[in-house]
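Trainee: Per the working numbering, residue 5 is the first one in the sequence shown, and the count goes up by one each step. Note that the Cβ used here is the ideal one computed from N, Cα and C, for glycine as well.
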Amino acid sequence: MIYVVGHKNPDTDSVCSAIALAYFLDGMAAKQGSINPETEFILKRFGLMEPETITSAKGKQIYLVDHAERSQSLDDLEDGKLLGIIDHHKVGISTSEPIIYISKPIGSTASVISELYFRNSLDYIGAKNKELKPDIAGILLSAILSDTLLFKSPTTTELDKELATKLAEIANVKDMYDYGIDMLKAKSTVGSMAPSEILDIDYKEFSLNGKKVGVGQAEVIDASEVESKKDEIYKLLQERVESGNYDLILFLITDIMEEGSEVLVCGNKEAFEASFNVKVPENSVFIEGLMSRKKQVIPPLEKYYNM
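What follows is the structure, encoded as C-alpha cells:
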C-alpha cells in the first residue's frame with residue numbers, strides 16, 4: 005500500500021492533494037494532524053472522507069505532497085521507503101536513492117497534479133489516468149483556490165487559472181468566485197478559535213543555514229477577528245522561541261480583501277528588518293502586498309541567513 009501524505013499542520017492543498025493523488029495511485033491518503041475549518045468545509049461539500057492520521061513512516065511506501073522540507077515531514081521518514089514528491093515549494097530535502105520528483109513554481113500542488121491528469125502524464129509516476137470524478141475535481145479546484153487566495157496571491161499563474169476553469173466544469177461549480185468566497189469564509193472562522201489553535205492553523209518550520217525559523221499564517225477576510233487575540237498569540241510566540249531554540253518566528257495575519265499582512269515578529273528582529281527593509285516599531289508591522297509565505301517570506305529570509 006502506498007501512503008500519500010502532506011506536511012505537518014495540514015492545510016487544504018496538502019490534504020486535498022493527498023486525497024487526489026492517492027485516488028490515482030490506488031493508495032491511501034493520509035495527514036499529519038487535524039484539518040482546518042476550510043478543509044472540513046470542502047470535504048463535506050464534495051462528500052469525501054477525511055484522510056487517516058499517521059505519525060510514522062516505518063514499513064510504509066510513501067509519496068509526499070505539498071512539501072519538500074525534512075522538518076515538515078514525518079519524523080522517521082527514513083524508516084519508510086520514499087517513492088516520490090509532488091510539490092510547488094523550494095527543495096529542502098535530500099534522499100539516499102533516486103525518487104520521482106515533480107515540482108513547478110505555480111500556485112498549488114493540486115495544480116501540479118491536475119496538470120499531470122490533463123496532459124495524460126500520470127503514468128510517469130506509476131498512477132492510473134482514470135476518470136476524474138466530480139468530487140476529486142472539486143477538491144483539486146478547492147485547493148487551487150485556497151492556495152492562490154482566489155488568484156490574489158503572487159504565486160498565481162495563468163496555468164492555475166486555466167486548470168481551475170477545467171476542474172470547475174467537471175465539478176459542476178458554476179461560479180468559482182462565489183464558491184471561493186464561501187471557502188474563505190470557512191477559513192476565516194478564527195474568531196472562535198483559541199490563540200494556540202490560530203497559531204498552528206498553518207505553521208511551518210524551516211532550517212535556514214542551520215538556524216531554526218518558524219513561519220505561521222492565518223488568512224482572514226476580516227483581520228478584526230484576530231485583533232483581540234494578537235497579544236496572546238505573541239506570548240505563545242515568545243514561549244516557542246525560548247523553548248524550541250528558534251532564532252526567529254513570524255506570524256502573518258493575512259487580510260485577503262486588503263491584500264496585505266500584519267507580521268508578528270519574535271526572536272531575531274534584526275534578521276526580519278534586514279530581510280524586508282522595514283522597521284518593526286514594537287512587535288508587529290503591516291506590509292502591503294505581502295500574502296505568500298512561499299514566494300515573499302522565505303526567499304528573503306533565506307538570502308539573509310545565507311549571507
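#1: With residue 208 as the anchor, note down where its beta strand (DSSP E) starts and where it stops.
#2: Taking 8 Å as the threshold (C-beta atoms), are residue 254 and residue 290 in contact?
#3: According to DSSP, simplified to helix, strand and coil, what is residue 33?
#4: Restricting to Cα atoms, I'd like to know which of 44, 228, 247, 71 is closest to residue 216.
#5: Mind reading off the beta-carbon distance from residue 175 to residue 141? Whole number of angstroms is fine, and I expect it under 8 Å.
#6: Do you know whose CA, among 245, 99, 147, 64, lies nearest residue 191's CA?
#7: Please identify the residue among 233, 245, 224 whose C-alpha is closest to the C-alpha of residue 264.
#8: Considering only residues of the same chain and omitting the five flanking positions on each side of residue 145, which have a CB-CB separation below 7 Å?
#9: Is the beta carbon of residue 199 sitting closer than 8 Å to the one on residue 300?
#10: Judging by CA-CA distance, which residue of 269, 153, 305 is the nearest neighbour of residue 211?
#11: Put residue 4 into one of helix, strand or coil per three-state DSSP.
#12: Beta-carbon separation of residue 288 and residue 274 under 8 Å?
#13: On the DSSP letters alone, give me the boundaries of the beta strand (DSSP E) that residue 262 sits inside.
#14: Quick check on residue 8: buried or exposed, where buried means 16 or more other Cβ atoms within 10 Å of its Cβ?
#15: Which same chain residues end up closer than 8 Å to residue 56 when comparing Cβ atoms and leaving out the 5 residues on each side of it in sequence?
#16: Do residue 230 and residue 269 have their C-beta atoms within less than 8 Å of each other?
Mentor: Let's see:
#1: 207 to 212
#2: no
#3: strand
#4: 247
#5: 4 Å
#6: 147
#7: 224
#8: 168, 171, 172, 175, 177
#9: no
#10: 305
#11: No statement about residue 4 is possible, as the shown extent of the chain runs from 5 to 311 and does not include it.
#12: no
#13: No beta strand (DSSP E) holds residue 262; DSSP gives it neither H nor E.
#14: buried
#15: 32, 33, 34, 35
#16: no
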